[in-house]
Ligand SMILES: [Fe+2]
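Numbering (the working numbering), first residue to last: 76 to 372.
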């Protein structure tokens, strides 16, 4: 529900994504997060978007972690070589487990990004980040998105701002619907898994506005994944988004175990960056402790 997790979960975004500058809003039944694409994270010492973090120009082949300089290089599926600036190396699997070599610890999220499964035919996906400045990056990325949509939308798409085209703007509608804004077509919905509080169902949908005067397309077919399936098996979304889901999924089991293991039995959220999550839990508590369901406002 926020961009605070990007530094730990999606390090490949740090060279071109302003997670640290995110804006959060909380309203009675809806909350929102907005993060700009293009400017590098303030966790790094970069002044401009840095495509050199991807030495081979491809998204899933190699990556230099911008915070420690460790080079992650894909050897084959489920095998990643990690090289530290001091020259020491180690081999890891796609979960971050050590296989061999002097380096024995690696970032599991980067091992999955570089060494994990890739949807068929997308192994050579180019690093999508380019541009000499944050502004050039933004213009290039927004224009590329407009060109994709021009066949359906015509030149009216030129009236839509760069932010509406490429920034991460997403809403959370209490309790469980997460529509991304504008022309980013992602919707998330989380549903209970029966009465089992340890798991939930994660649904991802793409929904684009239908241009004026055009017929609605037929309903899309659903793809179902089992609990242990890799998200890249849902090829409809392409590897980029699916590998983002895989990184997010790496956290779930550990977070759930951690919540059971907390000595005080309570969680303290960051004052601003996690305000959406705090608001969600306050509302949930209010609903669960009420004799009758409170009215949505
Ligand atoms: Fe994420």
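No residue lacks a Cβ here, since even glycine has one placed at the ideal position from N, Cα and C.
Just so you know, these numbers come straight off a predicted model, no measurement behind them.
| Is the CB-CB distance between residue 279 and residue 262 below 9 Å? | yes
| Start and end residues, alpha helix (DSSP H) containing residue 328 | 313-335
| Residues near residue 246 by beta carbon distance below 8 Å, same chain, minus five either side | Apart from the 5 residues on each side of it in sequence, residue 246 sits with its Cβ closer than 8 Å to the Cβ of 105, 106, 107, 253, 254, 255 and 256 in its chain, given in chain order.
| query | Below 8 Å, can you find three or more Cβ-Cβ pairs linking the stretch 116-136 to the stretch 188-204? | reply | The answer is yes - the stretch 188-204 touches the stretch 116-136, with three or more Cβ pairs under 8 Å.
| Per-residue burial, residue 332 [other beta carbons within 10 Å of its own, 16 or more giving buried] | Only exposed fits residue 332, as fewer than 16 other CB atoms lie within 10 angstroms of its CB.
| query | Nearest CA to the CA of residue 209: which residue from 369, 368, 89 and 78? | reply | 89
| Opposite residue 264 in the DSSP bridges: which residues? | The partner list for residue 264 (beta bridge, DSSP) reads 252 and 278.
| query | Terminal residues of the continuous beta strand (DSSP E) containing residue 100? | reply | 98-101
| Helix, strand or coil for residue 146 per DSSP? | strand
| Endpoints, the alpha helix (DSSP H) within which residue 157 is located | It is not in any alpha helix (DSSP H) - residue 157 instead sits in the beta strand (DSSP E) that spans 154-158.
| message | Using only Cβ atoms and a threshold of 7 Å, which residues come within that distance of a heavy atom of ligand 1? Order them by chain position. | response | 80, 81, 84, 85, 319, 322 and 323
| query | Nearest chain C C-beta to residue 335 closer than 9 Å, yes or no? | reply | Structure shown: chain C not included; a single protein chain is present.
| request: Could you round the C-beta distance between residue 130 and residue 91 to whole angstroms and report it? I think they count as a contact, below 8 Å. | output: About 15 Å separates the two Cβ atoms, so there is no contact after all.
| task | Let me know the secondary structure DSSP gives residue 213 once reduced to three states. | result | helix
| field | Of the listed residues 185, 248 and 290, nearest to residue 358 (C-alpha basis) | value | 248
| said: Which complete alpha helix (DSSP H) runs does the stretch 180-207 hold, if anything under 4 residues is left out? | reply: 183-190
| task | State buried or exposed for residue 212, treating a residue as buried only when at least 16 other CB atoms are found within 10 Å of its CB. | result | Residue 212 should be labelled buried.
| How far does the alpha helix (DSSP H) with residue 355 in it reach, from first residue to last? | Per DSSP, residue 355 belongs to the alpha helix (DSSP H) from 350-363.
| request: Using three-state DSSP, classify residue 273 as helix, strand or coil. | output: strand
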